[in-house]
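J.:
In the UniProt record's numbering, the protein residues as written are 1 to 208.
#1: Between the C-alpha atoms of residue 97 and residue 20, what's the straight-line distance to the nearest angstrom?
#2: Roughly how many whole angstroms lie between the Cα atoms of residue 117 and residue 26?
#3: Taking buried to mean at least 16 other C-beta atoms within 10 Å of its own C-beta, is residue 174 buried or exposed?
#4: Quick one: what's got a C-beta closer than 7 angstroms to residue 58's C-beta in the same chain, skipping five residues either side?
#5: Given a threshold of 16 other Cβ atoms within 10 Å of its Cβ, counted over all protein chains shown, does residue 150 qualify as buried or as exposed?
#6: Beta carbon of residue 55, beta carbon of residue 17: below 9 angstroms?
#7: Is it right to say residue 46 is buried, meaning 16 or more other beta carbons lie within 10 angstroms of its own, or is it exposed?
#8: Beta-carbon within less than 6 angstroms of residue 107's beta-carbon, same chain only, minus the 5 sequence neighbours each way: which residues are those?
#9: How many Å lie between residue 192 and residue 168 at the Cα?
#10: Give me the residue from 38, 153, 105, 144 with the minimum Cα distance to residue 165.
#11: Are the beta-carbon atoms belonging to residue 73 and residue 86 less than 9 angstroms from one another?
#12: Candidates 77, 3, 37, 90: which alpha carbon is nearest residue 146's?
#13: Using 10 angstroms around the beta-carbon of residue 170, count the other beta-carbons present and answer buried if the total reaches 16, otherwise exposed.
#14: Sort out for me which residues DSSP pairs residue 57 with in a bridge.
#15: According to DSSP, is residue 70 part of a helix, a strand, or is it coil?
#16: Quick one: measure Cβ to Cβ for residue 186 and residue 160, integer angstroms, because I've assumed they're closer than 8 angstroms.
#17: Looking at the structure shown, is residue 164 part of a helix, part of a strand, or coil, going by DSSP?
#18: Let me know the alpha helix (DSSP H) ranges lying completely inside the segment 2-50, each 4 residues or longer, listed in chain order.
Below, the structure written as structure tokens:
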């Protein structure tokens, strides 16, 4: 009997990254929707993720949190889908997935919060300047059609999601390399299915 796969999320969260990845692997899974400040902070969910944040997955007795880790775990656990890296792709796959989870997200968040890292403190911050981070990820998405090489992998789900959100919300500069890369990686049935599921789960707006 296959181990149950449970997905903990909120449709207005980074859980959309994990949703896309779950749709890519094509395995049955059960969704548990959580609300900010209530069920996300409940004792039951804190036993899954003590941070009280989403996304998280539970696969049998295995719990995985953090979007990049979920994408990598699902790709490795369900290798027949072909989204895990080959030996030749492995370096780029992990390099850019972790760069996105670290410097890119940190730099974008810092700027979105209205902070500017003083030049003399950039080494202390780790992520460096927003300009150097964007130049670096532009280099990554311009070096090959997909982030790890010539084919789509789980790293494109993660990196692509961040770039797509950044373009949509204006937190990432609208450089042509980013626009072109996002168009390539988002043209997938699994991405569209995931979006439809989460959009349908969004809170309905009251008529004013």
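For glycine and all other residues, C-beta sits at the position ideal for the given N, C-alpha and C.
T.: Checking against the coordinates, here is how it stands:
#1: As a working note, residue 97 is residue 97 in the chain shown. As a working note, residue 20 is residue 20 in the chain shown. Within the model, the alpha-carbon separation for residue 97 versus residue 20 is close to 15 angstroms.
#2: In the chain shown, residue 117 corresponds to position 117, counting from 1. In the chain shown, residue 26 corresponds to position 26, counting from 1. Roughly 42 angstroms separates the two Cα atoms.
#3: Walking along the chain shown from the start, residue 174 turns up at place 174. With fewer than 16 other CB atoms across the displayed protein chains lying within 10 angstroms of its CB, residue 174 is exposed.
#4: To locate residue 58, count along the chain shown from 1; it is residue 58. Only 6, 48 meet the Cβ criterion.
#5: Translated into positions along the chain shown, residue 150 becomes position 150. So residue 150 counts as exposed.
#6: The sequence position of residue 55 within the chain shown is 55, counting from 1. The sequence position of residue 17 within the chain shown is 17, counting from 1. Contact check for residue 55 against residue 17 passes: the beta carbons are separated by less than 9 angstroms.
#7: Mapped onto the chain shown, residue 46 falls at position 46. Residue 46 counts as exposed, since fewer than 16 other C-beta atoms from the protein chains shown sit within 10 angstroms of its C-beta.
#8: Position 107 of the chain shown holds residue 107. 127, 130, 133.
#9: For the purposes of this step, residue 192 is taken as the residue at position 192 of the chain shown. For the purposes of this step, residue 168 is taken as the residue at position 168 of the chain shown. Approximately 16 angstroms, taken between the alpha carbons.
#10: As a working note, residue 165 is residue 165 in the chain shown. Ranking 38, 153, 105, 144 by Cα distance to residue 165 puts 105 first.
#11: As a position in the chain shown, residue 73 is number 73, starting the count at 1. As a position in the chain shown, residue 86 is number 86, starting the count at 1. It is not a contact, given that the beta carbons lie outside the stated cut-off.
#12: By 1-based counting over the chain shown, the position of residue 146 is 146. Checked all of 77, 3, 37, 90; the closest Cα to residue 146 is 90.
#13: In the chain shown, the residue the question calls residue 170 occupies position 170. Taking all protein chains shown into account, residue 170 has fewer than 16 neighbouring C-beta atoms within 10 Å of its C-beta and is therefore exposed.
#14: Residue mapping note: residue 57 aligns to position 57 of the chain shown, counting from 1. Note: residue 57 sits in a beta bridge opposite 7, 64.
#15: Walking along the chain shown from the start, residue 70 turns up at place 70. Looking at residue 70 - three-state DSSP - the assignment turns out to be helix.
#16: The count along the chain shown starts at 1 and reaches residue 186 at position 186. The count along the chain shown starts at 1 and reaches residue 160 at position 160. About 6 angstroms separates the two Cβ atoms, so the contact holds.
#17: Against the chain shown, residue 164 aligns to sequence position 164. Helix.
#18: For the segment 2-50, whole alpha helix (DSSP H) runs of length 4 or above, ordered along the chain, are 15-25, 43-46.
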